[in-house]
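Engineer: Can you keep this structure in mind? I'll have questions shortly.
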Amino acid sequence: MASLRNTLPLFLCLLAATRPLPCSATSATDTFVYGGCSQQKFSPASPYESNLNSLLTSLVNSATYSSYNNFTIMGSSSSDTARGLFQCRGDLSMPDCATCVTRAVSQVGPLCPYTCGGALQLAGCYIKYDNVSFLGQEDKTVVLKKCGPSEGYNTEGISRRDAVLTELLGGGGYFRAGGSSDVQGMGQCVGDLTVSECQDCLGTAIGRLKNDCGTAVFGDMFLTKCYARYSTDGGKYNAKSHNYKTNYGGERTFAIIIGLLAAVVLLIIFLLFLRGVCSRGGK
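What follows is the structure in structure tokens.
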């Protein structure tokens with residue numbers, strides 16, 4: 021399992037965050053949405069690392085036959101106990117769910133090296149683990165808010181958007197999707213919530229979407245235990261990525277990180293090119 025947790029470099033995870041994030045159910049399931057890490061670290065080869073690897077293996081295996089599950093791998097102490105869950109988007113097939121969870125597990129290790137807690141949201145699935153209890157606890161902390169450009173005040177367009185979001189809120193179930201005319205919407209809760217907690221969480225997410233995104237052509241509101249999204253034909257998710265806060269706190273500006281990494285890559289390529297030119301000139 022160590023190989024699963026350390027397959028992809030952090031650069032690729034960060035780069036994926038700059039890609040457009042469509043609201044279509046047929047979109048790529050491995051698109052990076054957000055990730056976060058706890059502050060507490062564990063030591064290599066520690067009992068917690070062994071339990072965490074067992075937990076991540078259980079998540080990957082379970083995703084082959086279930087769209088949601090949670091596990092607790094008990095340790096000799098509370099701090100060595102690994103708790104975690106995965107949640108696939110409700111419209112995914114089991115093979116796509118398994119592929120998404122495997123991809124998420126492979127990315128979370130490089131994103132959160134040797135941290136006791138980590139969370140990763142891809143377009144098609146979500147995983148989270150920690151040595152602190154969080155299962156079954158409602159949490160409406162905003163971890164990602166993303167609003168598209170405004171299309172100007174359009175009473176008819178706003179009414180259609182609000183109607184779709186209202187339909188989502190009244191839809192029932194943990195996964196909800198629908199649309200009307202040029203507006204599409206989607207919402208989902210993590211499976212460890214009760215039905216009433218899910219309804220409460222989605223109500224908060226939808227209320228924040230309407231209030232915070234205003235007349236934007238698309239909007240994403242991810243809370244720790246649920247999310248709600250909408251898009252219109254005019255919103256092709258072409259806005260620049262926004263800063264976000266993870267549920268573990270702290271802000272990250274991906275544009276700055278990607279710019280610095282890109283500059284380093286270009287510098288290396290340039291130096292290699294110069295080296296090749298000089299080698300040929302010396303012959």
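If you want our numbering, it's the position in the sequence shown, counting the first as 1, plus 20.
Every residue, glycine too, gets a C-beta built ideally from N, C-alpha and C.
Closer than 6 angstroms by C-beta to Ala45: which residues in its own chain qualify, once you throw out the five before and the five after it? Chain order, please.
Structural biologist: Here residue 45 corresponds to residue number 25 of the sequence shown, with the count starting at 1. Here Ala45 scores only 41 on pLDDT, less than 50, and its place in the model should not be relied on; the value that follows carries that caveat. Answer for Ala45: Asp111, listed in chain order.
Engineer: Determine the direct distance from the alpha carbon of Gln204 to that of Gly104, and round the result to whole angstroms.
Structural biologist: Counting from 1 along the sequence shown, the entry for residue 104 is found at position 84. Counting from 1 along the sequence shown, the entry for residue 204 is found at position 184. Answer to the nearest angstrom: the Cα atoms are 31 angstroms apart.
Engineer: List the DSSP bridge partners of Tyr88.
Structural biologist: Translated into the one-based positions of the sequence shown, residue 88 becomes position 68. Residue pairing for Tyr88: DSSP places it in a beta bridge opposite Gln107.
Engineer: Hey, would you say Cys136 sits closer than 8 angstroms to Cys117, going by beta carbons?
Structural biologist: Reading the sequence shown from its first residue, position 116 is the one you call residue 136. Reading the sequence shown from its first residue, position 97 is the one you call residue 117. No, the pair does not count as a contact, with Cβ atoms beyond the cut-off.
Engineer: How would you call Gly192, buried or exposed, if buried means at least 16 neighbouring beta carbons within 10 angstroms?
Structural biologist: Numbered from 1 along the sequence shown, position 172 holds the residue referred to as residue 192. That one is exposed.
Engineer: Given Cys233, which residues of its chain have a CB within under 6 angstroms of its CB, disregarding the five upstream and five downstream residues?
Structural biologist: Looking up residue 233 in the sequence shown gives position 213. Result list for Cys233: Cys167, Gly239, in chain order.
Engineer: If you follow the beta strand (DSSP E) that Tyr194 is in, where does it begin and where does it stop?
Structural biologist: Within the sequence shown, numbered from 1, the residue matching residue 194 stands at position 174. Per DSSP, Tyr194 belongs to no beta strand (DSSP E) and is neither H nor E.
Engineer: With distances taken Cα to Cα, identify the nearest neighbour of Ser170 among Ser66, Thr235, Tyr250, Asp100.
Structural biologist: Mapped onto the sequence shown, residue 170 falls at position 150. It is Thr235.
Engineer: Ser201 to Gly190, Cα distance in whole Å?
Structural biologist: Counted from its first residue, the sequence shown places residue 201 at position 181. Counted from its first residue, the sequence shown places residue 190 at position 170. If I take the Cα positions, the gap works out to 19 angstroms.
Engineer: In terms of DSSP beta bridges, what is Arg249 paired with?
Structural biologist: Locating residue 249 in the sequence shown gives position 229, where the first residue counts as 1. Bridge partners of Arg249: Met206, Asp240.
Engineer: Looking at the structure shown, is Leu41 part of a helix, part of a strand, or coil, going by DSSP?
Structural biologist: As a first step, residue 41 is located in the sequence shown; it is residue number 21 there, counting from the start. Since pLDDT at Leu41 reaches only 44, below the 50 mark, its modelled position is unreliable, and no value is offered.
Engineer: For Gly55, report the span of its alpha helix (DSSP H) as first-last.
Structural biologist: As a first step, residue 55 is located in the sequence shown; it is residue number 35 there, counting from the start. That residue, Gly55, is in no alpha helix (DSSP H); its beta strand (DSSP E) goes 52-57.
Engineer: In chain order, which continuous runs of the beta strand (DSSP E) of length 3 or greater are located wholly inside the region 104-173?
Structural biologist: The qualifying runs are 138-142, 145-150, 162-167.
Engineer: For the alpha helix (DSSP H) that Gly223 lies in, which residues bound it at each end?
Structural biologist: Within the sequence shown, numbered from 1, the residue matching residue 223 stands at position 203. Segment 215-233, the alpha helix (DSSP H) holding Gly223.
Engineer: Would DSSP call Ala2 helix, strand or coil?
Structural biologist: As displayed, the chain neither begins before 21 nor continues past 303, which places residue 2 out of reach and without an answer.
Engineer: Leaving out five residues before and five after Pro64 in sequence, what residues of the same chain have Cβ atoms less than 8 angstroms from its Cβ?
Structural biologist: By 1-based counting over the sequence shown, the position of residue 64 is 44. In the same chain as Pro64, and ignoring 5 residues on each side of it, the C-beta atoms closer than 8 angstroms to its own belong to Tyr134, in chain order.
Engineer: When burial is assigned at 16 or more other CB atoms within 10 Å of the CB, is Gly207 buried or exposed?
Structural biologist: Looking up residue 207 in the sequence shown gives position 187. Per the 10 Å Cβ criterion, buried.
Engineer: Between which two residues does the alpha helix (DSSP H) carrying Gly95 extend?
Structural biologist: Within the sequence shown, residue 95 is the residue found at index 75, counting from 1. Counting along the chain, Gly95 falls outside any alpha helix (DSSP H), and DSSP gives it neither H nor E.
Engineer: Who are the near neighbours of Gly156 in its chain, counting only those whose CB is closer than 6 angstroms to its CB and skipping five residues on each side?
Structural biologist: Residue 156 sits at position 136 when you count from the first residue of the sequence shown. Cβ neighbours of Gly156 beyond the five flanking positions: Asp212.
Engineer: According to the neighbour-count rule (16 or more other Cβ atoms, all chains shown, within 10 Å of its Cβ), is Ser179 buried or exposed?
Structural biologist: Looking up residue 179 in the sequence shown gives position 159. Ser179 should be labelled exposed.
Engineer: Could you tell me whether the Cβ atoms of Leu188 and Cys221 are closer together than 8 angstroms?
Structural biologist: The residue you call residue 188 lines up with position 168 of the sequence shown. The residue you call residue 221 lines up with position 201 of the sequence shown. Contact flag unset, no.
Engineer: In the DSSP assignment, find the alpha helix (DSSP H) that holds Ser66 and state where it starts and stops.
Structural biologist: Sequence index remark: in the sequence shown, residue 66 carries index 46 (1-based). Careful: Ser66 lies outside any alpha helix (DSSP H) and carries neither H nor E.
Engineer: Can you tell me whether DSSP reads Ala102 as helix, strand or coil?
Structural biologist: On the sequence shown, position 82 is the one that residue 102 refers to. Strand.
Engineer: Which residue marks the beginning of the alpha helix (DSSP H) containing Thr49, and which one marks its end?
Structural biologist: Residue 49 sits at position 29 when you count from the first residue of the sequence shown. Taken as a continuous stretch (DSSP letters only), Thr49 belongs to no alpha helix (DSSP H), as it is neither H nor E.
Engineer: Spatial neighbours of Thr186 within its chain, please: CB distance less than 7 angstroms, with the 5 preceding and 5 following residues excluded, ordered by chain position.
Structural biologist: The residue given as residue 186 occupies position 166 in the sequence shown. Contacts found: none.
Engineer: Would you kindly work out how many angstroms separate the C-alpha atoms of Ala48 and Gln141, rounded to a whole number?
Structural biologist: The residue given as residue 48 occupies position 28 in the sequence shown. The residue given as residue 141 occupies position 121 in the sequence shown. Distance between the alpha carbons of Ala48 and Gln141: 13 angstroms.
Engineer: Between the alpha carbons of Gly56 and Leu131, how many angstroms are there, rounded?
Structural biologist: Taking the sequence shown and counting its residues from 1, one reaches residue 56 at position 36. Taking the sequence shown and counting its residues from 1, one reaches residue 131 at position 111. Those two C-alpha atoms are separated by around 8 angstroms.
Engineer: Report all residues from its chain with a CB closer than 6 angstroms to the CB of Asn258; omit the five preceding and five following residues, and keep chain order.
Structural biologist: Against the sequence shown, residue 258 aligns to sequence position 238. Because the pLDDT at Asn258 is just 34, under 50, the model does not fix this residue reliably, and the value given afterwards should be weighed accordingly. Closer than 6 angstroms at Cβ, skipping near neighbours: no residue.
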